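The listed protein sequences derive, respectively, from chains G and B. Counting from 1 along the first sequence, just add 981 to a position and that's the residue number in this note's numbering. Counting from 1 along the second sequence, just add 135 to a position and that's the residue number in this note's numbering. Note that CB positions come from ideal geometry on N, CA and C, so glycine has one too. In this text, all values refer to a predicted model and were calculated from it rather than measured experimentally.
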Amino acid sequence: MSDNTTEIRAALRAILADHSSADAVLAAEPEGWNEPLWRVLDDGGFATIAVDETIGGSGGSLADACAVLHELGRSAASIPFAEHALLAGWLLSQGGWDLPGGVLTVIDDTSGLQIEAAGAGFTLSGTANHVAWAGASTQILLAAVVDGTPTALLLSTKDVQVGGGANLAEEQRRSVAVDSITVPAERTWELPADAVEQLRLRGALSRAALIAGALERVSELTVRYTSEREQFGRPIGRFQAVQRHVVRLTEMAQQAAMATTVAALNGSDAVDFFDVASAKIVAGECASGGAAAAHQAHGAIGMTKEYELGQLSRRLWSWRDEYGHESAWARELGHRLAEAGADELWPRIAAGLLAAGPQA
Amino acid sequence: MRFIPTGLSAQELQLQREVREFVKDALPAGYRPGLGMGASRSPEFSKKLAERGWVGMAIPKQYGGHARTAVDRFIVTEELLSAGAPLGAHFVADRQTAPAIIKFGTDWQREFFIPKIVAGECWFSLGMSEPDAGSDLSSVRSAATRVEGGWLLNGTKIWTSGAHRNHYFAVLCRTSPSEDKHQGLSQLIVNLRGDGVEVRPIPFLNGAHEFNEVHMTDVFVPDEMMLGAEGSGWQQVTSELAYERSGPDRFLSTFGLVKYLIAERATGGLTPEQERAVGQLVARFWTIRQMSLSVARTIDDGGAPAVEASLVKDIGTRFEQRVIDVIRDVVEVQLDLDSNSTFEQLLAESVLTGPSFTLRGGTTEVLRSIVSKGLRNV
């Protein structure tokens, strides 16, 4: 972890303690996002970490962005940082566009949309579902290959119909319907050949980082609860059967964090498929196992809406499915590894963290 | 609890390439790979490895070692294990006994044993487990009484891997009665071919002769074979265990199942289920390796990551077992140790030996207790 990343984390943790407390998280659920928190982070320059300074961002590395996501995951903060900075900001930088004002989001799954070249621009119709924070955004970006050309389009939320939809944690995941609108050439740009794939990988990495952060917090909560809660005359954490859940949860949290951090550190220029697929698979599996172990160790108290665990476990259960379920990533990764052949398998695993030497 | 991600330096990557090339050249065509630490033994292979300077790597130069780092040793070990190389002869001496002798032993012991270990010519077994003691090492009953010039040792050790082929083992035994079970224990280095030592095989589930019972009846152990201070046995074995728990031998035992599934079946294309299994497992290999490597780096940096090491051992050994279940689930073959397929042989052997992965070096339950205490002490 670089000094920069450590500083970002410390500063964020202080802000989040004030603006994403368990009460603040509950209060934000009816809106589907935590707007007051977003304002604070946006004013402080946190909302555009990892977006190029040349286009109006705060600068910083992909690892910095993942550190932000880790902290947001820890505190169940419902804000569109991943979409705004890591995805939309990055797409804009690929076209040399300055950041427009307002909140940005992206349509990650364009399969429900028909996009056709029309003159110098494009026409667009259809519906995209589960669009994160669509109701909070002023602009929506999407990237798709149109007639063989990877292309980015910038839509104003005014030109689309934003419907309902939320994930299990009541975070906005809205439908976006488009009725045969024309996107003029000046709101589109051609992307590098691998940009659509890079966007998909960045999205998956963002969810892995959120999961790692949430699992870290769930792990802390569970250690604390099992140390304090007494039954049969002693803290339940002293029972071997309860220890089993606590240790398994810790193992899951540590694995998700390691996989995500290594993938982010390796992704300084381009994000690597193997790294991100591995991180998303491991984080997804650990989200499932970790939430189950935490709830088992907590007993009934963990099932109440007031208690912090539920805020985090509902997010874990949602984020593991977003930007690709772990099974889909596993099939794709396995397919590519089989194609590469048995002799390539170990060298690929042992490549690990590419940065030379120990990380400070 | 802290795992710091770490990469390899240019020199370390160079070592990785050298070992990879060496293994490719040293193993004959059609070599039947082994399962991690359970790989076969080849004194010739151990000697060749030693000639390259890859045994006793972390041992100081004055004793004939190579003064390399824990990470260098990690790199060599993982390359050997991932190829299923026959490291059985020297592995325990290299991993466990040599560092213990360097740390606790006398000058005489260092000069006598270390050069032979570093040459790959002196092999050790472990002398910890006993009947009825299990993971509770402090309840060992083997005992030594003072006699002129040394000790008279009586007792029985069990699960003594390779005792019928190795030269020595370091026996944890009681040298004085004590109220506190952790006091009064010492380690004595015993010649496995000496008078009064009887090695009896314990045939293993897979039919192999790997484990033994070692009975010691009035075995004379001279003073110079006491390892470390009298009464310090408990501290010594626990520190040995802590640092040797988390290496590549704790997560790579069944790597060959994935590799040979691809090698034998990928030409016709894997089924989607098999692809999913490969993807799931490889993602985990990549992650666990990075955690295990992180522990090695922390040791080199002067840290004492005992809780982290226990955590990695628990994750790693349970994962080794999960690999067997996941792979078996997607291939649907009838297991046969004598199959014509290397993959199917390895799968059959994995099923038969798999349960031991989470037993050796501390059971899952013992490790969880260590981790759990560590979590509460932060």
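Output needed for G/THR1163: all residues of its chain with C-beta closer than 7 Å, excluding positions within five of it in sequence on either side, in chain order. Position 182 of the first sequence, counted from the first residue, corresponds to residue 1163 of chain G. Excluding sequence neighbours, G/THR1163 sits near ALA1099, GLY1102 and THR1104.
Within chain G, partners of B/MET136 - CB distance below 8 Å: Locating residue 136 of chain B in the second sequence gives position 1, where the first residue counts as 1. The contacting residues are THR1231 and GLN1235.
Counting only C-beta atoms, is B/GLN426 closer than 8 Å to chain G at any point? Start at 1 with the first residue of the second sequence, and residue 426 of chain B comes out as number 291. The amino acid at residue 426 of chain B is misidentified as Gln; the sequence shows Met. Yes, B/MET426 lies at the interface with chain G (some Cβ there is under 8 Å from its Cβ).
DSSP state of G/ALA1341, grouped into three classes? Working through the first sequence from its first residue, we reach residue 1341 of chain G at position 360. Residue placement at G/ALA1341 cannot be trusted, given a pLDDT of 41 that sits under 50; what the coordinates show is reported in the next sentence. Note: G/ALA1341 maps to coil in three-state DSSP.
Helix, strand or coil, according to DSSP, for G/GLN1277 in the structure here? The sequence position of residue 1277 of chain G within the first sequence is 296, counting from 1. In the structure shown, G/GLN1277 sits in a helix (DSSP, three-state: H, G or I).
Just to confirm, are B/ARG511 and B/LYS448 a CB contact at a threshold of 8 Å? To locate residue 511 of chain B, count along the second sequence from 1; it is residue 376. To locate residue 448 of chain B, count along the second sequence from 1; it is residue 313. It is not a contact, given that the beta carbons lie outside the stated cut-off.
Pick out the complete alpha helix (DSSP H) segments inside the stretch 1295–1325 of chain G, 4 residues or longer, and give them in chain order. 1307–1321
Roughly how many whole angstroms lie between the Cα atoms of G/ALA1341 and B/THR204? Mapped onto the first sequence, residue 1341 of chain G falls at position 360. Mapped onto the second sequence, residue 204 of chain B falls at position 69. With a pLDDT of 41 at G/ALA1341, under the threshold of 50, the modelled position of that residue is not reliable, and the figure given next carries that caveat. Straight-line Cα distance between these residues: approximately 18 Å.
Rounded to whole angstroms, what is the Cα-Cα separation between B/PRO336 and B/ALA343? In the second sequence, the residue the question calls residue 336 of chain B occupies position 201. In the second sequence, the residue the question calls residue 343 of chain B occupies position 208. Using only the alpha carbons, I get a separation of about 10 Å.
Could you tell me whether the stretch 1068–1084 of chain G touches the stretch 1174–1189 of chain G, using the rule of 3 or more Cβ pairs below 8 Å? yes
Bridge partner(s) assigned by DSSP for G/ILE1121: Translated into the one-based positions of the first sequence, residue 1121 of chain G becomes position 140. Answer by DSSP bridge pairing, in chain order: G/THR1086 and G/LEU1136.
B/ALA220: which of B/ILE237, B/LEU261, B/LEU170 and B/TRP243 sits nearest, CA to CA? As a first step, residue 220 of chain B must be located in the second sequence, where it is residue number 85. Among B/ILE237, B/LEU261, B/LEU170 and B/TRP243, the Cα nearest to that of B/ALA220 belongs to B/LEU170.
Are there 16 or more other CB atoms within 10 angstroms of the CB of G/ILE989, so buried, or fewer, so exposed? As a working note, residue 989 of chain G is residue 8 in the first sequence. G/ILE989 comes out buried.
List the residues that DSSP assigns as beta-bridge partners of B/LYS292. The count along the second sequence starts at 1 and reaches residue 292 of chain B at position 157. For B/LYS292, which the question treats as bridged, DSSP gives the partners B/VAL349.
Okay, do the stretch 1119–1128 of chain G and the stretch 1024–1035 of chain G touch, 3+ Cβ pairs below 8 Å being the bar? no
Could you work out which residue in B/SER476, B/GLN469 and B/GLY451 is closest to B/GLY497 when comparing CA atoms only? In the second sequence, the residue the question calls residue 497 of chain B occupies position 362. Of B/SER476, B/GLN469 and B/GLY451, the residue nearest in Cα terms is B/GLY451.
Is DSSP giving B/ARG187 helix, strand or coil here? One-based indexing of the second sequence puts residue 187 of chain B at position 52. B/ARG187 falls in the coil class under three-state DSSP.
7 Å CB neighbourhood of G/GLY1116 in its chain, flanking five on each side removed: As a first step, residue 1116 of chain G must be located in the first sequence, where it is residue number 135. Within the same chain, G/GLY1116 has close Cβ partners GLY1013, VAL1143, GLN1153 and ARG1155.
N-terminal and C-terminal residue of the beta strand (DSSP E) that B/TYR303 is part of: In the second sequence, counting from the first residue as 1, residue 303 of chain B sits at position 168. Where B/TYR303 is concerned, the enclosing beta strand (DSSP E) stretches over 303–309.
Determine contact between the stretch 265–281 of chain B and the stretch 149–161 of chain B, defined as no fewer than three beta-carbon pairs at a distance below 8 Å. no
Extent of the continuous alpha helix (DSSP H) run through G/SER1074: Along the first sequence, read from residue 1 onward, the residue named residue 1074 of chain G stands at position 93. Looking at the DSSP string, the run of the alpha helix (DSSP H) that includes G/SER1074 is 1071–1075.
Check whether the Cβ of G/ILE989 lies closer than 8 Å to any Cβ atom in chain B. For the purposes of this step, residue 989 of chain G is identified with residue 8 of the first sequence, where counting begins at 1. Answer no: the Cβ-Cβ gap between G/ILE989 and chain B never drops below 8 Å.
Here's the rule I'm using: 16 or more other beta-carbon atoms within 10 Å means buried, otherwise exposed. How should B/VAL282 be labelled? Locating residue 282 of chain B in the second sequence gives position 147, counting from the first residue. Exposed, by the Cβ-count rule.
For B/ASP229 and G/ALA995, what's the separation of their Cα atoms in angstroms? Taking the second sequence and counting its residues from 1, the one referred to as residue 229 of chain B is at position 94. Taking the first sequence and counting its residues from 1, the one referred to as residue 995 of chain G is at position 14. Whole-angstrom Cα-Cα distance: 48 Å.
Which stretch, first to last residue, makes up the alpha helix (DSSP H) that contains B/PRO407? The sequence position of residue 407 of chain B within the second sequence is 272, counting from 1. From DSSP, the alpha helix (DSSP H) with B/PRO407 extends over 407–435.
Beta-carbon gap between G/VAL1112 and G/VAL1159 smaller than 8 Å: Working through the first sequence from its first residue, we reach residue 1112 of chain G at position 131. Working through the first sequence from its first residue, we reach residue 1159 of chain G at position 178. Cβ atoms of G/VAL1112 and G/VAL1159: not closer than 8 Å.
Between which residues of its own chain and B/HIS350 is the CB-CB distance below 6 Å, once the five residues before and five after are set aside? For the purposes of this step, residue 350 of chain B is taken as the residue at position 215 of the second sequence. Hits under 6 Å: THR291 and GLU333.
Does the beta carbon of B/TYR395 come closer than 8 Å to any beta carbon on chain G? Residue numbering aside, residue 395 of chain B sits at position 260 when the second sequence is read from its first letter. At least one chain G Cβ lies under 8 Å of B/TYR395.
Quick one: Cα of G/HIS1316 to Cα of B/LEU405, how far? The sequence position of residue 1316 of chain G within the first sequence is 335, counting from 1. The sequence position of residue 405 of chain B within the second sequence is 270, counting from 1. Spanning the two alpha carbons is a distance of roughly 7 Å.
Report yes or no: is there a C-beta of chain B within less than 8 Å of the C-beta of G/ILE1262? On the first sequence, residue 1262 of chain G is found 281 positions in, with the first residue counted as 1. Judged by the 8 Å Cβ criterion, G/ILE1262 is in contact with chain B.
Assign G/GLN1153 to one of three DSSP states: helix, strand, or coil. Sequence index remark: in the first sequence, residue 1153 of chain G carries index 172 (1-based). G/GLN1153: strand per DSSP, three-state reduction.
Let me see if you follow: with CB-CB separation under 8 Å, is B/THR452 close to chain G or not? Taking the second sequence and counting its residues from 1, the one referred to as residue 452 of chain B is at position 317. With 8 Å as the cut-off, B/THR452 does not count as an interface residue toward chain G.
Roughly how many angstroms lie between the CA atoms of G/GLY1076 and G/ALA1066, to the nearest whole one? Here residue 1076 of chain G refers to the residue found at position 95 of the first sequence. Here residue 1066 of chain G refers to the residue found at position 85 of the first sequence. Roughly 15 Å separates the two Cα atoms.
Can you say whether G/ALA998 is buried or exposed, counting buried as having 16 or more other CB atoms within 10 angstroms of its CB? Taking the first sequence and counting its residues from 1, the one referred to as residue 998 of chain G is at position 17. Classification of G/ALA998: exposed, given that the 10 Å Cβ count is below 16.
Every unbroken alpha helix (DSSP H) within the stretch 465–505 of chain B, with a cutoff of 4 residues, ordered by chain: 477–488
Of all Cβ atoms in chain G, is any one closer than 8 Å to the Cβ of B/TRP421? The residue labelled residue 421 of chain B in the question sits at position 286 within the second sequence. Yes, B/TRP421 counts as interfacial toward chain G.
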